[in-house]
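Below is one structure, written out as structure tokens, with a few remarks after it.
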Amino acid sequence: MKSCLIVYYSLNHSTEKIAEKITAGLKQAGLETTLCNIKDKTCPNPLDYDLLGIGSPVYAFQIPMNVMSCLERFPDLNGKKTFAFLTHGSYMLNAGDMLKRVLLLKNAQIQGWYYSFGADYFLPYNKQGCLPSYGHPSPEELNTAQEFGLDMGKGINDMRWREVSQHPSFMYRMEQFLCRPWFVRNVYQKLFHLNKDQCIQCGLCIENCPAHNIHADAEGYPKWEHSCIMCLECEKTCPQEAISSVVNGPIMKPFMNYNVKHIMNDPELTKVRVKHHHGKTEIV
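Numbering-wise (the working numbering), the sequence shown opens with residue 18 and increments by one.
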């Protein structure tokens with residue numbers, strides 16, 4: 018039996034739901050599929066499989082750094098048939114171009130692309146009362162993902178699965194530039210602030226970090242290391258609101274305000290009003 022490896026990253030389950038539906042389609046096509054969420058597992062060798070799938074959410078209109086790092090560690094794929102799928106809460110723009118570049122450098126043969134909306138639990142948006150793409154992926158998007166999996170399993174490269182890329186405006190290009198790995202590694206991850214008077218050492222930030230980047234120091238307080246991907250899950254889930262990041266500070270505030278304004282005024286984007294406090298995002 019032919020086999021497929023799907024390597025993906027999912028934090029809030031949107032990308033995971035798409036991966037599972039693609040797997041159902043691959044099963045219909047007769048492929049045995051292995052799912053690997055890099056948040057929880059070590060990636061198997063893709064050369065051991067007949068087909069490769071790569072799935073990722075879109076962070077700051079780009080592919081998250083942990084996904085890129087995982088792909089950069091891949092061996093030469095030597096023309097292996099590969100497909101990709103992305104989930105995005107607002108605008109995907111040209112994020113797929115990043116994925117395409119590294120896959121082509123690894124000599125992957127890209128067969129198709131699938132894109133879906135996914136609920137956007139990005140803290141700076143949620144703190145402004147905005148939750149984009151709530152309820153996504155929708156049943157229709159999930160059904161289409163299964164059709165995509167079936168076609169990928171059968172080797173059908175339908176026009177429905179063509180690559181989509183949109184040139185970003187100046188403001189979004191600035192955001193992409195400011196969210197490059199260099200800034201994250203050398204600036205932003207060093208600027209997390211912990212209010213020790215509020216911290217109760219519950220360990221949720223350590224437990225919830227998808228990059229396994231936070232550890233307890235000698236006093237039991239969280240300490241950030243050097244592999245942050247700026248998902249802000251630590252800040253978002255802190256029940257005491259003891260953690261603050263540069264993304265929710267004055268440097269990035271104009272960009273976050275711009276993004277939320279455009280999301281709220283875009284009739285093509287679904288969104289709900291929310292309130293975020295004490296580590297929870299609630300619909301209002």
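Where is the CB? At the ideal position from N, CA and C, for every residue including glycine.
Spatial distance of D283 from L140 (CA atoms): 20 Å
The stretch 152-160 / the stretch 22-37 touching (three or more Cβ pairs under 8 Å): yes
Assigned secondary structure, G296 (DSSP; H/G/I helix, E/B strand, else coil): coil
Helix, strand or coil at A41 [DSSP, three-state]: helix
T161, enclosing alpha helix (DSSP H) - first and last residue: P156 to K171
Endpoints, alpha helix (DSSP H) assigned at L208: Run containing L208: none; DSSP gives neither H nor E here.
Cα-Cα separation between P61 and Q126, rounded to whole angstroms: 19 Å
Contact under 9 Å by Cβ, A235 with N83: no
Beta-carbon proximity check, V24 vs L69, cutoff 9 Å: yes
Reduced DSSP secondary structure (H/G/I, E/B, other) of G70: strand
Cβ-based neighbour list, G237, same chain, cut-off 8 Å, excluding 5 preceding and 5 following: Q218
Beta-carbon proximity check, P185 vs F78, cutoff 9 Å: yes
Rounded Cβ spacing between K6 and L103 (contact assumed at less than 8 Å): The chain is shown only over 18 to 301; residue 6 falls outside these bounds and no answer can be derived.
Three-way DSSP call (helix, strand, coil) for S261 in this model: strand
Member of K56, C21, D65 and Y66 whose CA lies at the smallest distance from the CA of K44: C21
Residue from M281, N276 and P63 whose Cα sits closest to the Cα of M191: N276
Cβ distance (whole Å) where G146 is taken to contact K292 below 8 Å: 7 Å
Cβ-Cβ separation, I260 to F209 (assumed contact under 8 Å), whole Å: 6 Å
Own chain partners of N225 with C-beta closer than 8 Å, once the 5 adjacent residues on each side are dropped: E250, C251 and T254
Closest residue to S27 among A112, G42 and D137 (Cα-Cα distance): D137
Residues bridged to N54 (per DSSP): Y25
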